[in-house]
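Residue numbers (my numbering): 358 to 514.
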């Protein structure tokens, strides 16, 4: 599995921002109430971020040789996939929160500050999940293989 690159992260953030902005715009144009993210969203995203990093720490210890127990390789792969999914979904949700925030502050009459702070919190929660996913993905990487003299091997093309 390859590490997460910046292109899909940025792309999903842009898609999330556009979708968030357009959904708010469409709801307001249709005369419906705009969507304000609840406080439970950023709290849940931060808790999920902590859980993802918590799952990755034992894998890091096992790959660096500081753990005394063996880690199942399938478990390590599942945690790596969870980390990648967390980074991509964090990017999408952070962009969505940013789209809502951009819609709220672009109106001639600003909504309540509570709605703006909840949009900021949703954006921050998405960014925290994105960063935690990238950190957990880094923690799940294997160290470079060593040759017979204990030096890291150089990759030859």
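Even for Gly, the Cβ is constructed at its ideal location relative to N, Cα and C.
{"Check": "Who are the Cβ neighbours of residue 514 in its own chain at under 8 Å, not counting the five residues just before and after it?", "Outcome": "Only weak support is given to the placement of residue 514: the predicted model assigns it a pLDDT of 39, under 50, and the value that follows is read from those uncertain coordinates. Taken in chain order, the list of residues that qualify is empty."}
{"Check": "Spatial neighbours of residue 434 within its chain, please: CB distance less than 8 Å, with the 5 preceding and 5 following residues excluded, ordered by chain position.", "Outcome": "358"}
{"Check": "Just the Cα atoms here: how many angstroms apart are residue 512 and residue 462?", "Outcome": "Confidence at residue 512 is low in this model, with a pLDDT of 44, below 50, so its placement is unreliable and no value can be given for it."}
{"Check": "Put residue 395 into one of helix, strand or coil per three-state DSSP.", "Outcome": "coil"}
{"Check": "Under 8 Å: do the stretch 413 to 423 and the stretch 396 to 404 share three or more Cβ pairs, one atom per stretch?", "Outcome": "no"}
{"Check": "Assign residue 485 to buried or exposed, taking buried as 16 or more other Cβ atoms, counted over all protein chains shown, within 10 Å of its Cβ.", "Outcome": "buried"}
{"Check": "Between which residues of its own chain and residue 481 is the CB-CB distance below 7 Å, once the five residues before and five after are set aside?", "Outcome": "399"}
{"Check": "Measure the beta-carbon distance from residue 493 to residue 440 and round it to whole angstroms, keeping in mind my assumption that it falls under 8 Å.", "Outcome": "4 Å"}
{"Check": "Where residue 431 and residue 451 are concerned, what is the direct C-alpha to C-alpha distance, given to the nearest angstrom?", "Outcome": "30 Å"}
{"Check": "Can you find a C-beta in chain D that's less than 8 Å from the C-beta of residue 410?", "Outcome": "Absent from the structure: chain D. Only one protein chain is present."}
{"Check": "Specify, as a first and last residue, the run of the alpha helix (DSSP H) that residue 364 falls within.", "Outcome": "363 to 386"}
{"Check": "Whose C-alpha, out of 495, 360, 487, 460, is nearest the C-alpha of residue 393?", "Outcome": "460"}
{"Check": "Given a cut-off of 8 Å on the beta-carbon distance, is the pair residue 447 and residue 377 in contact?", "Outcome": "no"}
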